[in-house]
Amino acid sequence: MARLFAGSEVLSPYRDRRFPGTQDEFEEALQASTTVYVGNLSFYTTEEQIYDLFSRCGEIKKIIMGLDKNSKTPCGFCFVMYYTREDTEDAVKYVSGTMLDERPIRVDFDWGFQDGRQWGRGRSGGQVRDEYRTDYDPGRGGYGKIVQRELESRRQLVDYAGNLGTYYNSSGAHDDHRSSHRSSRGRKRHRGDDDYRSDRYRESNRESRPEKNPRFRERHDSDEEESSKR
Amino acid sequence: MSERGSAKEDLPFSEEIVVPLRSLQLDSLESCYTYVARDLGVSESDILLWLMECIEHLPHKIPLYGTLVGLLNTEDSDFAAKVVQLCRERIEESLVSGDCNKLRILIRFVAVLMSNNVIAPASLVEVLETLLSLAATTIDDEKGNPAWQPKADFHVFCIMASLPWAGIELLERAPDELERVMAGIEAYLNVRKPIVDTCFTAFPSSNDDYLVDLWKRIKHCQESGWKVESVPRPHLAFEAKLVTCQTHDFGPVTCPYPPEGADESQTSSFGRQHHEAEQKFPQRLRRLSIFPPAKTDECMAPVDRFVVEEYILDVLLYLNGRRKECAAYLANLPVPFRYEYVMAETIFSQLFLLPKPPFKPIYYTIVIIDLCKALPGAFPTVVAGAVRALFSKMDDLDIECRTRLIHWFAHHLSNFQFVWPWKEWIDLVDLPKWAPQRYFVQEVLEKEVRLAYYERIKQSLEDVPKLFELLPPKSLPYFKYTAENQDGCTESEMLLSTELTAMVKSKKTARDIQVWVEEKILPAFGQKSAIEIVVQTLFYLGAKSFTHMITVLERYGQVLSKLATDQSYQVFLIQEVSKVWQFSVQMTVIAIDRMMGYRIISNLSIISWVFGPDNVERFHTSDFLWEILRNAISKTVNRTEDLQRDIIAAQKALDLARAATSKANSNLQTAQSVLDSAETEEAVAQATAKAEWAKTLVEKRKHEEASAEETLDAKHALLNHSLREQEDLFISVFENFCSVLSERLSKASPRSTDMEEDKPSAMDIDNSMENGKEGQKKEQLTEESQWQAATLGQLSAVTRQYATEIWKHMDKLEAQVFSRPVHYLVLKTLNNCIRRI
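Chains as they are written, first to last, in the UniProt record's numbering: chain A, 1 to 230; chain B, 1 to 837.
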């Protein structure tokens with residue numbers, strides 16, 4: 001059946017720029033792989049949620065959470081490894097585009113996990129897409145990092161209650177009812193004394209960065225505190 | 001999809017050919033015909049193959065393809081002849097390979113070819129009668145093998161299923177032959193045995209079996225002059241043109257003879273063969289009635305319902321994995337009446353299909369989600385209606401189907417912001433814990449929490465705080481050795497735990513910890529206390545996430561293995577783990593699953609724990625014990641399957657290695673003979689070097705062959721071991737089921753303990769399950785009857801799902817389990833579920 005719709009088919013729309021081999025080798029790896037890459041996760045989504053959803057396609061061997069390379073906290077992607085190719089294909093076929101934590105997640109074949117790939121590749125430690133995003137995404141730490149930095153520097157320059165919302169609206173990025181202080185809400189929520197790390201993750205940078213509780217979702221964050229952070 | 005596999009693999013995708021063919025519509029028929037006719041000269045063979053591909057994979061469009069071929073026949077009768085020939089060849093192939101779907105669809109296509117005057121009515125009738133006589137031979141005691149009736153039934157099904165596409169044309173052009181075919185079908189139906197489907201329906205049902213049901217629909221269709229609204233007849237518009245054409249001879253279809261299974265009727269038991277036949281020729285659909293007939297059956301003629309179901313099942317089958325196309329086709333079937341309700345019933349019937357749906361249940365979840373999006377005005381309401389209707393019949397729903405419904409519903413809601421009018425069901429809070437409806441809601445909420453988190457689901461119940469009571473507890477680990485908990489543990493135990501925590505945190509090796517356990521705990525406190533302390537401490541340390549737990553188990557699993565030396569200690573270990581995770585069934589399930597994975601605990605220990613006295617009392621109030629049981633069985637069976645795959649690969653490797661050795665040998669011989677015939681010194685030197693090298697290669701290849709052989713032997717040994725493990729597992733599962741059920745069933749109806757007779761007894765729950773009338777029944781439900789129904793239901797689930805494995809181990813099971821005194825209801829359930837007659 002699939003043959004009738006072949007041609008337009010690409011195994012994975014993404015080409016990992018750090019894949020060491022050629023395009024052919026890349027595709028070959030995808031064709032045999034039993035690992036999927038899962039994207040657009042909320043930072044708060046836990047391994048157990050992922051486990052429950054993805055085991056609907058088959059027995060799971062391993063889950064590797066993508067972590068911010070500085071804070072060692074989840075940064076919105078993961079790898080799920082299966083035992084069989086069939087289950088892997090089903091995960092791509094069925095789960096991609098459906099909701100997890102009320103977000104549409106993306107599931108693609110992955111060429112295979114190697115140590116090091118669990119870290120975000122963005123400058124600020126998270127995923128590259130979270131550097132440049134201009135929308136406000138509460139599940140992924142609010143605004144993109146560049147926007148956040150800009151907001152913060154503006155906050156120091158301009159008056160506090162200034163309408164940064166309007167400022168960013170000019171780039172068509174978000175609803176104007178969001179006021180400036182929200183920009184840091186997501187980050188605030190990461191705070192917590194809960195140590196979210198297995199020893200495997202624990203490599204460096206313990207000191208300064210507070211860990212976020214992956215399931216900490218209360219709405220009462222007081223934004224004033226926020227400015228004291230970082 | 002194998003026969004022509006290689007040829008088809010080579011067929012390159014061609015946009016110019018495929019796109020117009022696959023997107024063929026009623027209104028593009030003429031333009032497509034002109035387009036294809038023009039290209040026939042250049043790429044005839046590709047067009048032919050892609051056309052067949054479309055026919056076989058987009059069968060709901062067969063009338064269009066039939067007319068396309070009919071039109072092409074007016075221009076290029078050679079091409080049409082090739083279509084006919086290819087079609088016959090493929091029918092023959094699928095008769096040999098047993099490819100059910102292909103056969104069914106091709107027979108339909110032959111019927112459509114007749115309607116388009118590509119073949120003569122007599123040709124079609126000949127094909128149908130060939131199948132009929134094949135079916136009659138298959139179930140013949142002497143020439144065939146009645147155990148293979150599922151196959152014969154299927155062939156007769158194909159005949160009947162093609163008639164809606166050709167009935168009216170046959171009636172017009174060959175009424176006597178049509179009559180003859182109908183008489184032939186009837187004769188077959190009189191000879192065959194009706195299918196006993198008890199234990200395989202989602203709800204107790206007194207429906208006809210699928211073949212008789214279809215027969216009634218076809219009879220009805222015949223009585224109404226073969227009018228079928230759901231089958232488009234595009235050829236009518238071109239009739240004048242089509243009748244002038246030459247019809248092609250279809251030619252006789254050769255069937256494999258003797259029919260499959262005929263030779264084994266003596267060698268293997270009837271039940272086992274019947275099971276095999278059923279695996280190969282499974283029932284596609286067990287119709288589900290969820291909605292009132294006004295919304296379903298009364299909207300269409302009986303035969304139209306059948307046709308619509310065929311469309312839906314085929315789209316589900318062939319467009320699996322093509323989400324957009326699948327939803328689009330389902331939403332736009334070529335029928336002139338509304339069918340959303342029938343569609344919902346059909347999709348749910350697939351989700352509930354026993355023993356197992358054609359695809360993983362998650363597929364149907366996705367289809368329903370996609371349809372809700374494709375038909376936002378109609379489908380969500382239909383789905384909600386289905387949930388309400390199923391909810392109202394929850395008491396009668398098969399236990400396994402109930403579990404599937406729970407998983408589906410939670411997942412479905414997770415895709416729609418967890419919005420559901422829970423208020424409607426608020427009264428069930430007053431029902432006892434074991435009441436099926438309450439159980440349903442409680443389990444749905446638990447699955448929702450797994451997909452989200454406690455607070456979110458609680459929030460979704462905001463306007464019905466009464467239902468908070470049904471929420472699972474917040475998922476937190478329970479650690480014994482804290483100041484607050486301290487349940488029954490001594491100061492020294494707490495200190496040991498603290499010490500162990502420190503050792504783990506400072507990354508002491510497993511060996512260090514083992515020594516520490518042996519010195520500090522075992523002598524003074526004994527093995528059980530050691531397990532308690534180690535399990536509590538390690539699992540608490542690994543409680544943060546799935547990966548944390550795995551990391552701890554990977555690092556310190558051997559400490560646990562050393563402590564849990566035999567089954568009773570392993571059961572104790574599981575019990576301790578389940579205490580740590582008493583507030584999270586999900587984590588309990590995962591922990592046990594992983595410990596089995598690391599072989600810290602055996603599958604037998606898991607079974608023994610599941611059937612432990614405390615747990616038995618929870619059989620009817622929550623699903624997680626069954627989830628653990630299911631996982632343990634499927635992991636065991638998966639291991640065997642993995643090994644079987646490995647063995648095939650290892651055998652291939654060995655064959656290759658052998659071929660390489662023999663090639664190296666023949667090279668050596670050649671080199672040797674060159675050396676023998678060499679005359680000059682130079683030639684001798686050269687040939688010697690070559691022969692030496694060939695010798696080296698032979699040695700190398702021999703070595704490789706030996707190692708491939710070794711690998712294969714090792715895998716075989718592993719497989720044998722794993723098969724024994726599987727056998728022991730099933731023996732244990734059934735022993736436990738039998739003993740736990742027989743005991744309680746006999747208490748309820750002591751007179752029927754003897755296994756011979758199914759005499760109805762005073763409190764025959766079998767009856768209440770099979771013929772229970774809603775309404776009256778509610779009062780009869782007691783906790784005990786619910787426990788029995790739930791446990792028998794779980795027994796059915798396991799037996800149905802693993803019937804193949806059970807048949808494999810039947811001799812041992814007979815000898816060790818079923819020959820003992822077992823309550824007749826248990827035996828009856830077992831026999832029904834493996835269809836032992």
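We put the CB at the ideal spot given by N, CA and C, even for glycine. Computed from a prediction, not measured in an experiment: that's the story for all the values here.
Taken in chain order, the unbroken stretches of beta strand (DSSP E) that lie wholly in the segment 33-72 of chain A and span 3 residues or more are 35-39 and 60-67. Annotation: residue 137 of chain A has no Cβ neighbours in chain B at a cutoff of 8 Å; minimum Cβ distance is about 17 Å.
For residue 438 of chain B, the enclosing alpha helix (DSSP H) covers residues 436-451. Non-local C-beta neighbours of residue 253 of chain B in its own chain, meaning closer than 7 Å and more than five positions away in sequence, comprise 88, 91, 92, 127 and 130, ordered along the chain.
In this structure, the alpha-carbon of residue 742 of chain B lies about 55 Å from that of residue 28 of chain A. Contact with chain A is found for residue 417 of chain B, since one of that chain's Cβ atoms lies less than 9 Å from the residue's Cβ. Neighbourhood of residue 54 of chain B in chain A, by CB distance below 7 Å: 4, in chain order. With fewer than 16 other Cβ atoms inside 10 Å of its own Cβ, residue 821 of chain B counts as exposed. With a minimum length of 4 residues, the unbroken runs of alpha helix (DSSP H) contained wholly in the segment 382-434 of chain B fall at 399-414.
If you check each beta-carbon in the segment 401-415 of chain B against every beta-carbon of chain A, the ones closer than 8 Å belong to 407, 411, 414 and 415. For residue 325 of chain B, the neighbours in chain A by C-beta distance under 8 Å run, in chain order, 5. Here the alpha carbons of residue 96 of chain B and residue 648 of chain B stand approximately 23 Å from one another. When secondary structure is reduced to three states using DSSP, residue 625 of chain B falls in the helix class. Secondary structure at residue 24 of chain B: coil, using DSSP grouped into helix, strand and coil.
A Cβ-Cβ distance of about 7 Å is found for the pair residue 66 of chain B and residue 235 of chain B, placing them in contact under the 8 Å criterion. The alpha-carbon separation between residue 56 of chain B and residue 111 of chain B amounts to approximately 14 Å.
For residue 142 of chain A, the secondary structure class from DSSP, reduced to helix, strand or coil, is strand. The C-beta distance from residue 445 of chain B to residue 457 of chain B rounds to 6 Å, short enough to meet the 8 Å contact threshold. Assignment of residue 119 of chain A by DSSP, reduced to helix, strand and coil, places it in the strand class. Secondary structure at residue 503 of chain B: helix, using DSSP grouped into helix, strand and coil.
Restricting attention to alpha helix (DSSP H) runs no shorter than 4 residues, the segment 215-278 of chain B encloses them at 239-243, ordered along the chain. The beta-carbon of residue 24 of chain A is placed no less than 9 Å from the nearest beta-carbon of chain B.
Remark: C-beta atoms of residue 81 of chain A and residue 113 of chain A approach each other more closely than 9 Å. The three-state reading of DSSP puts residue 119 of chain B in strand, counting E and B together. According to the DSSP secondary-structure assignment, residue 103 of chain A is paired through a beta bridge with A/100. The Cβ-Cβ distance between residue 559 of chain B and residue 510 of chain B falls below 9 Å.
In its chain, beyond the 5 residues on either side, 503 have a beta carbon closer than 7 Å to the beta carbon of residue 516 of chain B.
Inter-residue distance for residue 530 of chain B and residue 739 of chain B is about 32 Å (C-alpha atoms, whole angstroms).
Annotation: Cβ neighbours of residue 99 of chain A in chain B (cutoff 7 Å, chain order): 414 and 415. Boundaries of the beta strand (DSSP E) around residue 75 of chain A: 74-82. Between residue 277 of chain B and residue 194 of chain B, the CB-CB gap reaches or exceeds 9 Å.
Collapsing the DSSP output to three states places residue 137 of chain A in a strand. Under a 10 Å Cβ-count criterion, residue 802 of chain B is classified as buried, with 16 or more other Cβ atoms of the shown protein chains found around its own Cβ. For a Cβ distance threshold of 7 Å, residue set 321 of chain B lies close to residue 93 of chain A, ordered along the chain. If you draw a straight line from the Cα of residue 27 of chain B to the Cα of residue 4 of chain A, it comes to about 21 Å. Contact of residue 58 of chain A with chain B is assigned, a C-beta pair being separated by under 9 Å.
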